[in-house]
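Report on the following structure.
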Amino acid sequence: MKTLLVILDGLNYQVAYDAMGYLHGECAAGHGCLYQLECELPSLSRPLYECILTGVPPVESGVVHNNVVRLSHHRSIFHFARAAGLTTAAAAYHWVSELYNRAPFDAVRDRHTVAPEAAIQYGHFYHADHYPDSHLFEDAESLRLLYQPDFLLLHPMNIDDAGHRFGLSSPQYRNMARTADGLLSQYLPAWLAAGYQVIVTADHGMNDDRSHGGILPEERQVPLFVFGPAFSLAPAAPRQTELCGTVCGLLGVEHDRPVCAGLLK
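In structure tokens, the structure reads:
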């Protein structure tokens, strides 16, 4: 089944629980379910992109800080999908391109990617943390409509950016989560109507020091919303290292990663 993975960078679980009224409404209507996830360590962005997309925790992947600029040493969802002949796309921060397509990132060369031979065949990659989430959703939707990818990654940054500027407890941070919820309300119905299974999660949370990276609950606890008929909507205890294998299971491709069977029917 076609699958769309949304990583809302830097979104803390409690803020997602409190602020994302549209997603809660879909869950209340029986269309989805919210789970709490604990991110792997360190609770930093690039290590956790790698963890989510390969199923390998940072201390094993070697991507243990944000300045590890190289291709991943592990197969990702993109690689498993491509090996099965599926189409891949991403609208994401440029570190995702560096992990799975080419490193270092060259904006002129790589920002708009059309590379049928690559792990991420079609991409729009941004490199400014304040790049508007509204534009990023438009980038992703243009990729979906143009290329009909079997796996599409959508990864906006404005929640994390607001957290670094104003902190976890700020109205700016909470309101940016509400903005993302509003954007999802514009696109999620069409994604589901097109047959996509949709996962909405975060890499890590945020603290009141306007940072993350440690073991505080507010840094590690993140949401996992799931939508689509492939999901059980039953109680489950998913782990971040199980997202890669679970997505591969949805896609129906061969893989060797752990799966959270409780999420699926």
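Heads up: the sequence shown is residues 2 to 266, going by the numbering used here. Quick reminder that beta carbons are idealized off the backbone N, C-alpha and C, glycines included. Keep in mind it's a predicted model, so treat the numbers as computed, not measured.
Margin query: Could you check whether glycine 168 and aspartate 210 sit closer than 9 Å to each other, using their CB atoms as the reference points?
Written below: Translated into the one-based positions of the sequence shown, residue 210 becomes position 209. Translated into the one-based positions of the sequence shown, residue 168 becomes position 167. Cβ distance < 9 Å, so aspartate 210 and glycine 168 count as in contact.
Notebook entry, point to check: Between the C-alpha atoms of tyrosine 36 and proline 239, what's the straight-line distance to the nearest angstrom?
Noted result: For the purposes of this step, residue 36 is taken as residue 35 along the sequence shown, with counting starting at 1. For the purposes of this step, residue 239 is taken as residue 238 along the sequence shown, with counting starting at 1. Their backbone Cα atoms lie some 8 Å apart in a straight line.
Margin query: Please identify the residue among Met21, Gln222, Ile78 whose C-alpha is closest to the C-alpha of alanine 119.
Written below: What you label residue 119 is simply residue 118 of the sequence shown in a count that begins at 1. When each option's Cα is compared against that of alanine 119, the closest is Ile78.
Next item on the list: Please go through the same chain and pick out, in chain order, the residues whose beta-carbon is closer than 8 Å to the beta-carbon of arginine 166, but skip the five residues on each side of it.
Entry: Indexing the sequence shown from 1 puts residue 166 at position 165. The answer, listed in chain order, is Gln173, Arg211.
Check: Which residue or residues does DSSP assign as beta-bridge partners of threonine 89?
Finding: Here residue 89 refers to the residue found at position 88 of the sequence shown. According to DSSP, threonine 89 bridges with Phe152.
Note to self: Considering Cα atoms alone, identify which of Gly33, Val70, Asp134, Val69 is closest to aspartate 10.
What the structure shows: One-based indexing of the sequence shown puts residue 10 at position 9. Of the candidates Gly33, Val70, Asp134, Val69, the one whose C-alpha sits nearest the C-alpha of aspartate 10 is Asp134.
Next item on the list: Take the Cβ of arginine 175 as the centre, count every other Cβ of all protein chains shown within 10 Å, and call the residue buried at 16 or more, exposed below.
Entry: Here residue 175 refers to the residue found at position 174 when the sequence shown is read from its first residue. Arginine 175 counts as buried, since no fewer than 16 other beta carbons sit within 10 angstroms of its beta carbon.
Note to self: Is the beta carbon of alanine 93 closer than 9 Å to that of leucine 155?
What the structure shows: Indexing the sequence shown from 1 puts residue 155 at position 154. Indexing the sequence shown from 1 puts residue 93 at position 92. Here leucine 155 is near alanine 93, since their CB atoms are less than 9 Å apart.
Next item on the list: Indicate whether aspartate 107 and histidine 125 have their beta-carbon atoms separated by less than 9 Å.
Entry: Looking up residue 107 in the sequence shown gives position 106. Looking up residue 125 in the sequence shown gives position 124. It is not a contact, given that the beta carbons lie outside the stated cut-off.
Next item on the list: Counting only the same chain and skipping the five closest in sequence on each side, list residues whose C-beta sits under 7 Å from that of valine 70.
Entry: Counted from its first residue, the sequence shown places residue 70 at position 69. If we look at valine 70 and ignore the five residues flanking it on each side, its Cβ neighbours are Glu99, Ala104, Pro105.
Check: From serine 73 to asparagine 102, what distance separates their C-alpha atoms?
Finding: Mapped onto the sequence shown, residue 73 falls at position 72. Mapped onto the sequence shown, residue 102 falls at position 101. So the alpha carbons of these two residues sit roughly 9 Å apart.
Next item on the list: Ignore the nearest five residues each way along the sequence and tell me which others in proline 259's own chain have a CB closer than 7 Å to its CB.
Entry: Along the sequence shown, read from residue 1 onward, the residue named residue 259 stands at position 258. These residues qualify, in order along the chain: Gly56, Thr242, Glu243, Gly246.
Next item on the list: For alanine 116, count neighbouring Cβ atoms within 10 angstroms of its own Cβ and tell me buried if that reaches 16, exposed if not.
Entry: For the purposes of this step, residue 116 is taken as residue 115 along the sequence shown, with counting starting at 1. In this structure alanine 116 is exposed. Its beta-carbon is surrounded by fewer than 16 other beta-carbon atoms within 10 angstroms.
Next item on the list: Please work out which residues of its chain come closer than 8 Å, Cβ to Cβ, to proline 43, disregarding the five sequence neighbours upstream and downstream, and give them in chain order.
Entry: Here residue 43 corresponds to residue number 42 of the sequence shown, with the count starting at 1. Here the set comprises Pro59, Val65, His66, Gly214, Gly215.
Margin query: Beta-carbon within less than 8 Å of lysine 266's beta-carbon, same chain only, minus the 5 sequence neighbours each way: which residues are those?
Written below: Taking the sequence shown and counting its residues from 1, the one referred to as residue 266 is at position 265. In chain order, Pro230, Ala231, Phe232, Ser233 place their CB closer than 8 Å to the CB of lysine 266, counting only its own chain and leaving out the 5 sequence neighbours on each side.
Item checked: Close-in-space but distant-in-sequence residues of the same chain around glycine 31 (CB under 8 Å, 5 per side omitted) -> Sequence index remark: in the sequence shown, residue 31 carries index 30 (1-based). Contacts found: Leu234.
Notebook entry, point to check: Given that a residue counts as buried once 16 or more other Cβ atoms are within 10 Å of its Cβ, and exposed if not, what is asparagine 68?
Noted result: Along the sequence shown, read from residue 1 onward, the residue named residue 68 stands at position 67. Exposed is the call here.
Notebook entry, point to check: Under 9 Å between the Cβ atoms of tyrosine 14 and valine 223?
Noted result: Here the question's residue 14 lines up with position 13 in the sequence shown. Here the question's residue 223 lines up with position 222 in the sequence shown. Yes, Cβ-Cβ distance for tyrosine 14 and valine 223 is below 9 Å.
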